[in-house]
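Notes for the one structure printed next.
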Amino acid sequence: MIDEIGKQMYMLCARLFPICRSITGEGFRQSLDILREYLPELQIHHVPSGTKVFDWEVPLEWNIRDAYIIDPDGNKLCDFKENNLHIVGYSVPVDLDLSLAELQPHLYSLPNQPTAIPYITSYYKARWGFCLPHELREKLKEGTYHVFIDSDLAPGNLSYGELILPGEQREEIFFSTYLCHPSMANNELSGPVLATFLARWLKTIDARRFSYRIIIIPETIGSITYLSKNLAVMKQNIIAGFNLTCVGDEMDYSYLSSRFGDTLADKVALHVLKHTHPEFKPYTFMDRGSDERQYCSPGVDLPVCSMMRSKYHEYPEYHTSLDDLSFISPAGLSGSFAIYQKAIQCLEANEKLKGTVLCEPQLGKRGLYPTISTKDTAKLVKNMMNILAYADGTRTSLELAELIGVPLWEILPTINTLIREGLLEVID
């Protein structure tokens, strides 16, 4: 089942990959419309340009149709229609003839990655530019170049997707991801696709204990905008949250903590990764770089952390054309799906437990203990006895699992059996 989900996730990434997205514009909305085919309940909201959102303002909407450079020999270079990373994001329209010296300040390349096209943006200062492999830039010769960018910056909207899945309780688990980059697979598409498939799985759970808030936004300005409209209810209801990004490759897992690393989300993430991928790479909030910057900021203080594969900024392909569909895989995507499934299972099962009898209960008469005592008997029921030994009403099931050193999902059947037999009770 996980392998099949990985294949489906990869196919969705491949479908979204060619679309040019930015923090606003038709590409973002087109991508949201595709995700809504998988999640019909996804609500799409629009916030007009010029709206004040805390210390920021929703920018003008940017849309682009074409862009290229014609060299002195008539060859077309940096063709936007061949690779949408060729254009600096939010470039203003131009139609000019320039010398090579005049063109150079508008070109961006990576000398240490000569075959890669870099991802460059200029959201909040009007400029234009092209991105190209450094090996191509070095071959440009003197002469007249024609540059053309067919784009517009005009009042419009910042758009985002939101899905609320009600549960038995008002408390919420929060998932946030961003969809504002052009054609990059791990940094851009793996997060929204994971969020989509987690939401589809959550919808199949009949008795969800918690409610789930899932948002698909443009990075930074989107989280700031969303918080400006929803902060009060989020602070009241969210008990754990995760920023979904960079979850599609097959490298080691990474963990980025909340600001102080002490939230329920942090504890669940560490529990899951410790038992499934103990080689994971830990990072602190000082290594932040995505929307956790907003969710964990002073005064907001939401319990948000991240479980990733290769962390943003930490892999060479990041923010370049090398972060393509060959960098991610169905196996990488399904692995991330699996660890977040376990995190959700841990959160749903995390309740305070208390034993109902004094001293050790008589397990044999309930069919829970071998009737012949051998030196292996204790091993057979070790987890059960340890749960009962520490279930004093002061600790949750996650804390009990940590104490006895076993994954919570492995001892859940035992906990449920003890509850069913009346030997454990849930403490509100």
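In our numbering, the protein residues as written are -12 to 415. Glycine included, each C-beta is placed from N, C-alpha and C at the ideal position.
Give me, in chain order, the residues of the same chain whose beta-carbon lies closer than 7 Å to that of residue i; leave out the 5 immediate sequence neighbours on both sides.
{"i": "residue 211", "result": "40, 41, 43 and 281"}
{"i": "residue 22", "result": "29, 148, 179, 183 and 203"}
{"i": "residue 266", "result": "239"}
{"i": "residue 103", "result": "97, 120, 307, 308 and 309"}
{"i": "residue 68", "result": "53"}
{"i": "residue 384", "result": "336, 337, 338, 340, 395 and 402"}
Out of curiosity, what's the CA-to-CA distance linking residue i and residue j?
{"i": "residue 224", "j": "residue 374", "result": "29 Å"}
{"i": "residue 371", "j": "residue 249", "result": "28 Å"}
{"i": "residue 153", "j": "residue 95", "result": "47 Å"}
{"i": "residue 298", "j": "residue 63", "result": "35 Å"}
{"i": "residue 331", "j": "residue 377", "result": "23 Å"}
{"i": "residue 415", "j": "residue 348", "result": "23 Å"}
{"i": "residue 247", "j": "residue 296", "result": "21 Å"}
{"i": "residue -4", "j": "residue 232", "result": "14 Å"}
{"i": "residue 122", "j": "residue 294", "result": "36 Å"}
{"i": "residue 336", "j": "residue 200", "result": "18 Å"}
{"i": "residue -7", "j": "residue 353", "result": "42 Å"}
{"i": "residue 1", "j": "residue 409", "result": "51 Å"}
{"i": "residue 196", "j": "residue -10", "result": "27 Å"}
{"i": "residue 235", "j": "residue 59", "result": "41 Å"}
{"i": "residue 300", "j": "residue 84", "result": "36 Å"}
{"i": "residue 18", "j": "residue -1", "result": "10 Å"}
Once DSSP output is grouped into helix, strand and coil, what is the label at residue i?
{"i": "residue 275", "result": "coil"}
{"i": "residue 50", "result": "strand"}
{"i": "residue 43", "result": "strand"}
{"i": "residue 283", "result": "coil"}
{"i": "residue 135", "result": "strand"}
{"i": "residue 233", "result": "coil"}
{"i": "residue 289", "result": "coil"}
{"i": "residue 335", "result": "helix"}
{"i": "residue 417", "result": "Any answer about residue 417 is impossible in this case: the structure gives the chain only from -12 up to 415."}
{"i": "residue 126", "result": "coil"}
{"i": "residue 342", "result": "strand"}
{"i": "residue 16", "result": "helix"}
{"i": "residue 242", "result": "strand"}
{"i": "residue 328", "result": "helix"}
{"i": "residue 173", "result": "helix"}
{"i": "residue 401", "result": "helix"}
{"i": "residue 32", "result": "strand"}
Out of the options, point me to the one whose CA is closest to residue i's CA.
{"i": "residue 171", "options": "351, 403, 7 and 405", "result": "7"}
{"i": "residue 504", "options": "60, 56, 111 and 253", "result": "Residue 504 lies beyond the stretch modelled for the chain, which goes from -12 to 415, so this question has no answer here."}
{"i": "residue 343", "options": "354, 380 and 216", "result": "380"}
{"i": "residue 368", "options": "383, 350 and 385", "result": "350"}
{"i": "residue 54", "options": "338, 409, 119 and 382", "result": "119"}
{"i": "residue 307", "options": "70, 355, 289 and 84", "result": "70"}
{"i": "residue 254", "options": "270, 268, 221 and 292", "result": "292"}
{"i": "residue 159", "options": "128, 145 and 252", "result": "252"}
{"i": "residue 220", "options": "333, 269, 245 and 288", "result": "288"}
{"i": "residue 386", "options": "334, 206 and 106", "result": "334"}
{"i": "residue 278", "options": "324, 229, 89 and 129", "result": "229"}
{"i": "residue 4", "options": "109, 245, 328 and 175", "result": "175"}
Taking 7 Å as the cut-off, is the CB of residue i close to at least one heavy atom of the ligand PLP?
{"i": "residue 71", "result": "Because no ligand of any kind appears in the structure shown, any question about the ligand PLP cannot be addressed here."}
Near residue i, which residues of its chain fall below 8 Å by C-beta distance, leaving aside the five closest residues on each side in sequence?
{"i": "residue 303", "result": "100 and 309"}
{"i": "residue 411", "result": "340, 341, 342, 343, 374, 375, 378, 402 and 405"}
{"i": "residue 242", "result": "256, 257, 260, 267, 268, 269, 270, 292, 293, 294 and 295"}
Within its chain, find whatever has a CB closer than 6 Å to the CB of residue i; leave out the 5 residues flanking it on each side and keep chain order.
{"i": "residue 209", "result": "147"}
{"i": "residue 14", "result": "6, 7 and 8"}
For the 8 Å Cβ check, are there 3 or more pairs between the stretch 185 to 204 and the stretch 133 to 141?
Here the stretch 185 to 204 makes no contact with the stretch 133 to 141; the two share fewer than three CB pairs at distances below 8 Å.
Contact the stretch 8 to 28 vs the stretch 160 to 177: 3+ CB pairs below 8 Å:
yes
Three or more beta-carbon pairs under 8 Å between the stretch 320 to 331 and the stretch 269 to 286, yes or no?
They do not touch, by the three-pair rule.
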